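Notes to accompany the following structure.
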Amino acid sequence: MNFSTQAKASPSDCFSAQTIPGQFGNDQLNPDVGGAAVALSNIVINVSLPILLRWAHEDIHTTVLMLLSQVYPILLATAASINTNNLSLFDAHFAVAVTASPVSAYLAYSAARAVFYKPNTLFLQLTYGKTLIRWLGLALPVLWFAINLTISFSPRAFRNSPQHCQKMTLIGWLEFQAVSNFIGVLDVMGRRDLWNDLEGRGGLGAISLALMWIWAVYLVRHRYDILNEIRLRRERQTTRNFFLRKLFLVWTVFSASWHVVTRCHPWTIIAIVFCLHWSWVLGIAKGMIMVDYELSYGQIMSLFSIVPPLMSVGKLLRDKWDSLLAFLRNLPDLFSEGVRFLLTGSPNPWPLPLDPISISALEKYWPADVKAGSIPNPRTPVNDPHNAWKPFSVATYIYGYCVCWLNILVWTAYFDRYPPSGGFPKRVSCSSLRTVIRETRGRILRQIQVLLLPVAFLMCAGPLFVPFAALPLAQQWQWTHFCDSFAGEVILSGLMNPSPTASFYYPIQPNASVLEYYFDYSLVSNTTVPPGNPPSQLLVFNARADSSIIPPDIFAISYDVQAQEISADCANGPCAFGNYSTKPYLSFTLQDSRTGLVTQLRAVDKEWKFPDDAPSVVLRNREAGESGGIALQSAVTQRDHCENLKVCVSSRTPDFATLAPLGVLLMAQQTYADYCLRPRIYSI
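Take 1 as the starting number for the sequence shown in the UniProt record's numbering and just add one per residue.
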């Protein structure tokens with residue numbers, strides 16, 4: 001299905017048109033906005049400014065103005081192009097994405113703090129031009145917000161708005177903004193799959209997870225410092241309103257934790273800025289033009305705008321070269337000291353607050369999350385309805401991080417109860433027997449602690465790291481073994497080139513574990529339909545050169561998609577017919593013309609086709625109004641190949657009752673494959 005030619009546009013079409021280049025009426029980006037030269041200058045300025053903020057300790061107004069000179073022309077040109085048909089939806093959305101970098105967001109935040117006379121690092125290093133930079137920084141969120149509203153809610157703002165952005169809802173817009181502005185920035189988890197993180201993001205997901213885990217350890221190690229900071233801040237606040245006091249307390253917990261950890265470990269700020277910039281660069285790089293274009297006047301001007309920041313960074317390196325060399329020489333010692341602090345901290349006797357086993361028992365929701373992600377059928381409360389899956393998944397990942405932090409707290413308190421020697425506190429005794437008993441008990445205690453270390457590490461790191469590895473492993477296992485209890489399996493490939501196919505695999509012998517490829521059915525357009533009649537699809541048998549395989553009886557099945565009618569042709573002519581319904585349940589009524597046998601199939605669940613996921617259904621035979629055995633059941637898509645969906649079938653022969661539903665599923669899988677294989681900025 002070609003979404004760009006649909007008669008009725010939906011909000012999802014508008015979002016797709018904003019994020020998918022080359023389709024939905026989106027042409028190639030203007031090189032002055034998305035060219036490699038502009039990308040290079042944007043990245044250099046956004047990287048230079050944090051370096052100068054952290055180490056230069058001098059006026060940075062030139063670099064800030066260079067950043068604003070990159071951001072404002074793009075935003076103002078985009079705003080001026082509204083209702084002129086010069087820009088597409090993707091152009092406008094990309095203009096917001098490329099200008100809303102982490103540094104630009106920090107500039108807007110610093111400007112807001114400066115309005116209320118709150119100290120911040122950026123404005124402390126500005127000697128002049130503070131008023132201009134403050135107001136330009138405050139105007140950035142206004143421009144981002146205004147352009148975002150115009151993109152989605154104006155039906156004529158951009159060239160392809162009339163075709164795709166009609167009847168936008170506020171709920172849909174808010175959901176899309178959460179994905180594109182929040183999850184898009186944090187899209188460093190490799191779609192919760194660490195196995196392909198190296199290929200897709202260069203290991204950024206693993207680095208981010210490690211940083212989150214180290215941050216949790218720091219929160220535990222500095223728990224008393226954080227509590228003292230919270231106490232001091234609460235003493236300074238003067239608000240008497242009950243609601244504001246509670247709101248201030250919540251904010252104080254987060255701000256005090258940030259203050260203590262970043263002041264004690266400044267490298268964490270560098271790591272966070274690095275990850276955010278990396279994620280931003282990966283996001284906008286998918287829309288950049290890197291080849292086959294010429295440098296224009298605007299791009300050359302953009303390249304020269306990076307000269308002042310580079311000169312400032314070069315001056316910084318020249319002035320602090322000795323300090324940099326000293327830092328590199330001391331780096332191994334600093335790293336060793338940091339690891340030692342993570343693992344041991346300082347002896348801090350503290351009563352054991354909670355039972356670590358009981359806390360980890362709270363992780364019982366993880367198996368449900370992994371099961372729903374790898375076994376879509378039968379449905380569970382996690383994925384029924386389908387739109388409950390993503391919120392539950394995100395919530396459990398956040399919850400897993402909290403459980404990880406609690407486990408670190410408990411095990412740290414447990415090991416900190418004992419002196420470094422691992423024995424009991426020494427007591428004055430004249431009895432040599434008591435001395436031997438004390439030493440023996442201390443030795444046993446040390447051995448127990450050594451045995452507990454792997455358990456402690458697994459419980460402290462597992463809730464955060466294990467699920468990211470468990471889900472792809474479970475998906476791969478289910479792809480291989482989900483259909484073991486069925487008579488055969490079919491792989492539905494939704495690729496359009498050459499055509500969508502249904503490949504049948506059966507065991508060589510009954511109950512054998514090894515499957516052999518038998519034949520294909522291809523989905524093609526019915527070219528024999530007279531002009532003006534509704535379009536139809538044909539599921540056609542592909543003959544094999546291997547004569548040892550007995551071909552099936554049915555050679556072609558015709559689908560009238562509009563009337564939802566089906567007819568089958570065998571070697572001797574028409575041999576079966578029927579109809580199907582997609583609402584409220586996917587159901588089929590099929591009849592064999594030769595035997596008169598009528599077969600009724602109905603899905604177990606109402607939902608079976610989704611705009612952003614593969615079709616998922618369990619079809620059962622209907623006998624005398626009651627549910628019979630399973631005729632076919634969809635499994636999972638292949639890892640890293642979303643266009644392939646596995647379906648388990650109960651029949652050893654591809655009869656009409658098996659082939660007819662497979663054709664409908666193949667059409668749905670074709671639509672999903674077209675969706676999931678498109679290049680997009682945000683891969684959620």
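C-beta: ideal position from N, C-alpha, C; glycine also.
It should be emphasised that the depicted structure is a prediction, and the values quoted were computed from it without experimental measurement.
Tell me the DSSP secondary structure of residue i in three-state form.
i	result
L186	Since pLDDT at L186 reaches only 49, below the 50 mark, its modelled position is unreliable, and the value read off the structure follows with that caveat. Reduced to three states, the DSSP call for L186 is coil.
residue 768	Nothing about residue 768 can be read from this structure; the chain reaches only from 1 to 684.
Y117	coil
S16	helix
A614	coil
Y675	helix
Y585	coil
G35	strand
N621	strand
S593	coil
E58	coil
D569	strand
A157	coil
N239	First, the amino acid is wrong: residue 239 is Thr here, not Asn. Coil at T239, not helix or strand.
E516	strand
G578	strand
G203	coil
H641	strand
C648	strand
A100	coil
R602	strand
L209	helix
F555	strand
V561	coil
Measure the C-alpha to C-alpha separation of residue i and residue j and round it to an integer number of angstroms.
i	j	result
S336	N330	10 Å
T501	L645	11 Å
V466	G202	20 Å
L52	V260	23 Å
G663	Y580	11 Å
S257	K606	47 Å
A100	W144	8 Å
Q638	L75	41 Å
V649	Y521	15 Å
K130	A108	13 Å
V514	Q478	16 Å
W411	G462	13 Å
S41	L310	10 Å
T127	T62	11 Å
G400	V142	36 Å
I133	C460	45 Å
P356	P119	Here the model assigns P356 a pLDDT of 45, short of 50, so the residue's position is not dependable and the matter cannot be decided.
L317	L324	8 Å
C404	A216	8 Å
Y218	Q447	27 Å
Q28	I43	21 Å
Q669	P611	10 Å
L328	W267	14 Å
residue 711	V339	The shown model of the chain, from 1 to 684, leaves out residue 711, and the question about it has no answer.
Assign residue i to one of two classes, buried (16 or more other C-beta atoms within 10 Å of its C-beta) or exposed (fewer than that).
i	result
R652	exposed
W213	buried
S634	buried
A568	buried
S616	buried
T239	exposed
T19	buried
D598	Correcting the residue type first, residue 598 is Val in the shown sequence and not Asp. So V598 ends up on the exposed side.
Y297	exposed
E235	exposed
A111	buried
P472	buried
Give the C-beta separation of residue i and residue j to the nearest angstrom, bearing in mind that I take them to be a contact with Cβ-Cβ under 8 Å.
i	j	result
R622	I630	Actually they do not touch by this definition, with Cβ atoms about 12 Å apart.
R553	S536	Checking the displayed sequence, the identity of residue 553 turns out to be Asp instead of Arg. So it is not a contact: roughly 21 Å between Cβ atoms.
V524	S499	5 Å
L67	L49	6 Å
S152	W173	5 Å
F588	A660	6 Å
I306	I60	That pair is no contact at about 15 Å.
A673	G494	3 Å
Segments assigned beta strand (DSSP E), at least 3 residues, entirely inside the segment 471–508: Segments of the beta strand (DSSP E) lying fully in the segment 471–508: 488–493, 501–507.
What alpha helix (DSSP H) runs, 4 residues minimum, are completely inside the segment 266–330? The qualifying runs are 267–285, 297–304, 307–319.
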